[in-house]
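Student:
Residue numbers (my numbering), protein chains in the order written: chain A, 1 to 290; chain B, 1001 to 1333.
#1: Mind checking the segment 1259–1283 of chain B against chain A and listing, in chain order, the residues whose C-beta falls within less than 7 Å of any C-beta there?
#2: From the DSSP secondary-structure annotation, give me the bridge partner or partners of residue 1298 of chain B.
#3: If you compare alpha carbons, which of B:1253, B:1269 and B:1311 is closest to residue 134 of chain A?
#4: Could you tell me which of B:1070, B:1281, B:1189 and B:1152 sits nearest to residue 1164 of chain B, measuring between CA atoms?
#5: Which residue marks the beginning of the alpha helix (DSSP H) containing residue 208 of chain A, and which one marks its end?
#6: Beta-carbon within less than 7 Å of residue 121 of chain A's beta-carbon, same chain only, minus the 5 sequence neighbours each way: which residues are those?
#7: Beta-carbon within less than 6 Å of residue 48 of chain A's beta-carbon, same chain only, minus the 5 sequence neighbours each way: which residues are those?
#8: Under 8 Å, Cβ to Cβ, is there at least one residue of chain B near residue 208 of chain A?
#9: Under the three-state reduction of DSSP, which class applies to residue 1089 of chain B: helix, strand or coil?
#10: Determine the DSSP secondary structure at residue 1256 of chain B, reduced to helix, strand or coil.
#11: Taking just the CA atoms, how far does residue 150 of chain A sit from residue 231 of chain A?
#12: Would you say the segment 1300–1308 of chain B touches the segment 1056–1074 of chain B, given that touching needs at least three Cβ pairs under 8 Å?
#13: Tell me which residues share the same chain as residue 207 of chain A and place their Cβ nearer than 7 Å to its Cβ, disregarding the 5 neighbours each side in the sequence.
#14: State whether the segment 128–142 of chain A contacts the segment 1286–1306 of chain B, with contact taken as three or more CB pairs (one from each stretch) at a distance under 8 Å.
#15: Determine, using beta carbons only, whether residue 37 of chain A comes closer than 8 Å to chain B.
#16: Measuring CA to CA, which of A:257, A:160 and A:272 is closest to residue 1055 of chain B?
#17: In chain B, which residues lie less than 7 Å from residue 42 of chain A when you measure between Cβ atoms?
#18: With 8 Å set as the bound, which would you pick, yes or no: does the beta-carbon of residue 3 of chain A sit closer than that to a beta-carbon of chain B?
#19: Let me see if you follow: with CB-CB separation under 8 Å, is residue 259 of chain A close to chain B or not?
#20: Would a check of beta-carbon distances place residue 28 of chain A closer than 8 Å to chain B?
#21: Give the straight-line distance between the Cα atoms of residue 1225 of chain B and residue 1251 of chain B, rounded to the nearest whole angstrom.
#22: Along the alpha helix (DSSP H) that carries residue 93 of chain A, what are the first and last residues, could you check?
#23: By Cβ distance, which residues of its chain are closer than 6 Å to residue 1078 of chain B, with the 5 residues on each side in sequence left out?
#24: How close, in whole Å, do the beta carbons of residue 244 of chain A and residue 1203 of chain B come, if the pair is a contact with beta carbons under 8 Å?
#25: Rounded to whole angstroms, what's the CA-CA distance from residue 141 of chain A to residue 90 of chain A? Just pull it up for me.
#26: Counting contacts by CB-CB distance shorter than 8 Å, is residue 19 of chain A in contact with chain B?
#27: For residue 1323 of chain B, count the other beta carbons within 10 Å of its own beta carbon; 16 or more makes it buried, fewer makes it exposed. Which is it?
#28: What in chain B is Cβ-close to residue 222 of chain A, meaning under 8 Å?
#29: Would you mind telling me which residues of chain A sit closer than 8 Å to residue 987 of chain B, beta carbon to beta carbon, in chain order?
#30: Looking at the C-beta of residue 68 of chain A, does it have a partner C-beta in chain B at a distance below 8 Å?
#31: Here's the rule I'm using: 16 or more other beta-carbon atoms within 10 Å means buried, otherwise exposed. How should residue 260 of chain A be labelled?
#32: Under 8 Å between beta-carbons, which chain B residues line up against residue 256 of chain A? List them in chain order, please.
#33: Run through the segment 145–170 of chain A for me and flag every whole beta strand (DSSP E) of 3 or more residues, listed as ranges in chain order.
#34: Give me the Cβ distance between residue 83 of chain A and residue 227 of chain A, rounded to the nearest whole Å; I'm assuming they're in contact under 8 Å.
#35: What residues of chain B sit near residue 102 of chain A, judged by a beta carbon separation below 9 Å?
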């Protein structure tokens, strides 16, 4: 067997080493695929198992696609669609408010020097250190006073405080890359800074806005701690709280739990894989410079 | 006084600093001496800039700064959940109580162990996976997609999947280790194994982001340097050590910082899988804040734990920036 890896520079005897190396790499990549992929496979497998399999004869290792017929009754058995709708409302609200607040702040941080720039930068960064669990105690007291408990609006307000800074980092990174000269001409023509931001910079950073929107939307979609604390009315639960209730006092068959988890995860997986490149570029330019 | 001190502060929080680069200037070219202008004049000039920042900053002031101040104030009171506004001032009593309590110190140790193992495993595995998936091979894009999925999966779904894999009766992991004759520990029910199991689940969820970030960073390693090392007869490992790793180092450091901060405050995956149990084995500081506040209903004491946890995160961040600054200075001189 001749190895395909570049071996031209290698001294004689390198072929054997190379073959061993290729084998080692295949093994390592195989292990990686199993480690990363197996839990996901097992979620799908469990959702395709019957109760008799799970709690009697034992779950089979291969997928039994004929059990797909069991999916619809399982979905109907829980208020999953209601939970997903609540999650969508919360996530959309979180995304819209975050982007609205983040865009102008990112522009200012990217373009201007001003007193307190360091403090503002630190303010945004520090939200990444703050344990939500610490903030949740005073927020709970605050929200109780304003009727914001059991309220999607209150939940959105709390979510935005933690995800908006991430959007600021991403958008700042994107605006940093927009050349200055493009704005100069407009400024000479007497455009206000707001106009420049909206009509010149905004269209140029649209891909990053999309990436930021996806990240922020799914932060809202996935959020659990605030929802679990602020929303006690089961009709208002987002899917995260609904799903976690499956592990609580009531017994829910695991195939049903895994099916719901899968349907809940599906939009996130689809969007993240689709927009992966943009999201990673956004995250790296903003907070992690490569 | 010029704007210089402020901008230097900023560069500390942006590791490879964009200050001084042409695009961050705007008001005046970097290096040019500032025209002497009065403080008020400059402030008026900058009024428009503050308007851009106002919405976001005001928002954070209410929902994080104000809430944080309230949290710190709560930590010196004996507030109970039933009456969140009517706590009596007790000074440092909550802190004294915590410092004298074994469960608190156990919680600190648990947090450090969880954070340490998670960060090391995530950074190592993420870097190794990135290097492995950077090379071209058949099916690479499929493997990359599979390795990316855990990052895209919502944490709650990951927690449920792992809770099922670890299940004592029907869990596939226990069945597997039993079939191999290794016996079956209670992955989430045995205090000796709880932290390990939760850490593995966390690493599964968190390593793909590290991998993706490292993959992006690998693209910045100049190919010519690698080839030069090849020609000089360096082995792969030597090339990696001498050429690739130095290019990745800044990214690895930032990644380590972020992973550490995120691990100290990570709540959901632990709470959903174990609730802090078995027998406090996974009761990290953040989980114990929640349990103290909403199960024991001691808001004051919970806030005190929170203040100490925040102190831990701040310490880590400060260490990072001090190290980074020293390195920068060394690089400059």
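Beta carbons: idealized from backbone N, C-alpha and C, even for Gly.
Tutor: Considering the structure as presented:
#1: Of all residues in the segment 1259–1283 of chain B, only 1261, 1265, 1267, 1268 and 1272 place a beta-carbon less than 7 Å from a beta-carbon of chain A.
#2: B:1080, per the DSSP bridge assignment.
#3: Nearest option by C-alpha distance: B:1311.
#4: Of the listed residues, the one whose Cα sits closest to residue 1164 of chain B is B:1189.
#5: DSSP places residue 208 of chain A in the uninterrupted alpha helix (DSSP H) bounded by 206–222.
#6: Result list for residue 121 of chain A: 109, in chain order.
#7: Excluding sequence neighbours, residue 48 of chain A sits near 63, 64 and 67.
#8: With 8 Å as the cut-off, residue 208 of chain A does not count as an interface residue toward chain B.
#9: In the structure shown, residue 1089 of chain B falls within a strand segment according to DSSP collapsed to helix, strand and coil.
#10: DSSP places residue 1256 of chain B in helix when its eight states are reduced to three.
#11: Residue 231 of chain A and residue 150 of chain A have their alpha carbons spaced roughly 4 Å apart.
#12: Note that the segment 1300–1308 of chain B touches the segment 1056–1074 of chain B; at least 3 beta-carbon pairs, one per stretch, sit closer than 8 Å.
#13: Cβ contact annotation for residue 207 of chain A (same chain, cutoff 7 Å, sequence separation greater than five): 278, in chain order.
#14: Contact holds between the segment 128–142 of chain A and the segment 1286–1306 of chain B, because three or more Cβ pairs, one in each stretch, are under 8 Å apart.
#15: Taking Cβ atoms only, chain B reaches closer than 8 Å to residue 37 of chain A, which makes this a yes.
#16: Answer by Cα proximity: A:160.
#17: The answer, in chain order, is 1161, 1165 and 1172.
#18: With a pLDDT of only 44 at residue 3 of chain A, under 50, the local geometry of the prediction cannot be trusted, and no value is derived from it.
#19: Chain B, which has no Cβ nearer than 8 Å to the Cβ of residue 259 of chain A, makes this no.
#20: At a cut-off of 8 Å, the C-beta of residue 28 of chain A has a neighbouring C-beta in chain B.
#21: One C-alpha to the other measures close to 19 Å.
#22: Note, residue 93 of chain A: alpha helix (DSSP H), 80–111.
#23: Leaving aside the five residues that flank residue 1078 of chain B on each side, the residues in its chain whose CB is nearer than 6 Å to its CB run, in chain order, 1087, 1088, 1090 and 1300.
#24: Their Cβ separation, rounded to whole angstroms, is 21 Å, which puts residue 244 of chain A and residue 1203 of chain B out of contact at 8 Å.
#25: Distance between the alpha carbons of residue 141 of chain A and residue 90 of chain A: 21 Å.
#26: With 8 Å as the cut-off, residue 19 of chain A does not count as an interface residue toward chain B.
#27: It counts as exposed.
#28: Neighbours of residue 222 of chain A on chain B, chain order: 1154, 1155 and 1156.
#29: What is shown of chain B runs 1001 to 1333, which leaves residue 987 of chain B out entirely.
#30: At a cut-off of 8 Å, the C-beta of residue 68 of chain A has no neighbouring C-beta in chain B.
#31: That one is buried.
#32: Chain B residues near residue 256 of chain A: none, gap ~11 Å exceeds 8 Å.
#33: Listed in chain order, there is nothing to give.
#34: Not really, about 10 Å apart at Cβ, beyond 8 Å.
#35: Result: 1056.
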